[in-house]
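There are 2 protein chains.
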Amino acid sequence: MRESMRLQALFHTLSDANRLGILKFIGTQSRSVSDVVAGVKLSQPLVSHHLKVLREHKLLKTRREGVFVFYELNDPRILEALGVFAEIAAEVQCCGKTARMFCCPDWFQGLAKTKRPAGRLVVKPVQGE
Amino acid sequence: MRESMRLQALFHTLSDANRLGILKFIGTQSRSVSDVVAGVKLSQPLVSHHLKVLREHKLLKTRREGVFVFYELNDPRILEALGVFAEIAAEVQCCGKTARMFCCPDWFQGLAKTKRPAGRLVVKPVQGE
DNA sequence: CTATAATATAAACATACATTTATATTAACG
DNA sequence: CGTTAATATAAATGTATGTTTATATTATAG
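Below, the structure written as structure tokens:
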């Protein structure tokens with residue numbers, strides 16, 4: 001019964017585009033924090049924060065080497081599992097004609113006319129149906 | 130690149146124990162709203178709300194039959210995909226010795242000494258590492 | 001048309017949390 | 001020891017959203 005709770009925790013950890021980006025960037029490799037910062041183009045504190053979340057939820061594991069801290073996948077199956085959901089997610093069809101404000105904002109397109117607002121970011125679904 | 134956004138939306142939809150419970154209850158069947166209400170033991174408005182979220186994100190589809198509205202999985206692969214993550218989630222090991230307050234509250238155990246608080250519910254990970 | 005059952009919506013509330021800015025820790029090296 | 005680079009933490013801020021209570025819609029039957 002509390003399988004639902006564990007699943008909820010796992011999915012919540014994965015329900016963040018930045019964390020997904022970090023996981024994808026790390027992939028099968030072993031990356032230092034600064035590698036990730038350079039790779040995903042997020043601020044260092046933000047990357048540290050997300051890495052911590054991913055580590056606390058056992059998605060990543062850590063190895064220290066001198067001044068560097070390397071992160072890698074804790075369970076290689078995660079990548080396959082993400083692939084499965086990526087297919088399903090294709091049907092969610094965000095960014096369609098009726099996409100909401102938060103779906104395809106300027107700052108995400110790299111146009112940066114608007115600035116990424118603070119607070120949580122949630123992708124709203126397409127309107128119809 | 131906006132694959133991350135779609136994945137985020139999908140995972141966010143799945144990051145709720147009640148929604149997971151509803152999906153699991155529906156399974157491969159076709160269930161009316163009142164079926165679900167009876168099955169998962171949540172209030173009718175709450176079930177309606179979650180069904181709406183699941184429908185808007187294309188996880189469920191709807192068919193009306195008289196007064197009844199039947200919900201069923203939009204994509205049968207969802208069940209397999211959930212199974213994959215359930216295995217991975219087993220390692221998250223919520224409800225361990227060092228579990229946090231929100232992880233195994235009384236109201237979840239059915240003891241109901243405390244009342245389910247309003248607001249969002251998030252499962253915190255185990256402390257160590 | 002009216003009553004009734006099934007479902008959906010709205011308002012109110014409380015809380016979680018992603019982001020930024022600033023600062024602290026940690027380790028190597030001189 | 002002091003400096004510097006790599007990483008982590010803290011405080012502040014704004015927003016999203018799950019739940020409840022109450023009410024509205026929808027469709028069928030009489």
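So the protein lines, in turn, are chains A and B. Residues 1 to 129 in our numbering are what the first sequence spells out, letter by letter. Residues 130 to 258 in our numbering are what the second sequence spells out, letter by letter. For glycine and all other residues, C-beta sits at the position ideal for the given N, C-alpha and C.
Classification of residue i by the beta-carbon crowding that lies within 10 angstroms, buried from 16 upward
i	result
residue 66 of chain A	exposed
residue 137 of chain B	buried
residue 135 of chain B	buried
residue 141 of chain A	Any question about residue 141 of chain A goes unanswered here, given that chain A covers just 1 to 129.
residue 142 of chain B	buried
residue 11 of chain A	buried
From the options, residue whose alpha carbon lies closest to that of residue i
i	options	result
residue 54 of chain A	B:218, B:161, B:168 and B:179	B:218
residue 203 of chain B	B:190, B:159, B:209 and B:210	B:190
residue 193 of chain B	B:201, B:142 and B:187	B:201
residue 187 of chain B	B:173, B:197 and B:206	B:206
residue 217 of chain A	B:153, B:133, B:145 and B:185	Chain A is shown from 1 up to 129; residue 217 of chain A falls before or after that span and cannot be answered.
Alpha carbon of residue i to alpha carbon of residue j, nearest angstrom
i	j	result
residue 40 of chain A	residue 22 of chain A	7 Å
residue 85 of chain A	residue 26 of chain A	18 Å
residue 167 of chain B	residue 175 of chain B	12 Å
residue 163 of chain B	residue 42 of chain A	46 Å
residue 133 of chain A	residue 28 of chain A	The structure shown does not extend to residue 133 of chain A, since chain A is modelled only from 1 to 129, so the question has no answer here.
residue 212 of chain B	residue 44 of chain A	35 Å
residue 165 of chain B	residue 185 of chain B	17 Å
residue 74 of chain B	residue 179 of chain B	This structure does not reach residue 74 of chain B, given that chain B is present from 130 up to 258, and the question cannot be answered.
residue 87 of chain A	residue 24 of chain A	15 Å
residue 48 of chain A	residue 177 of chain B	38 Å
CB-CB length for residue i against residue j, believed under 8 Å
i	j	result
residue 148 of chain B	residue 199 of chain B	Not quite, the Cβ-Cβ distance comes to about 18 Å (not below 8 Å), so this is no contact.
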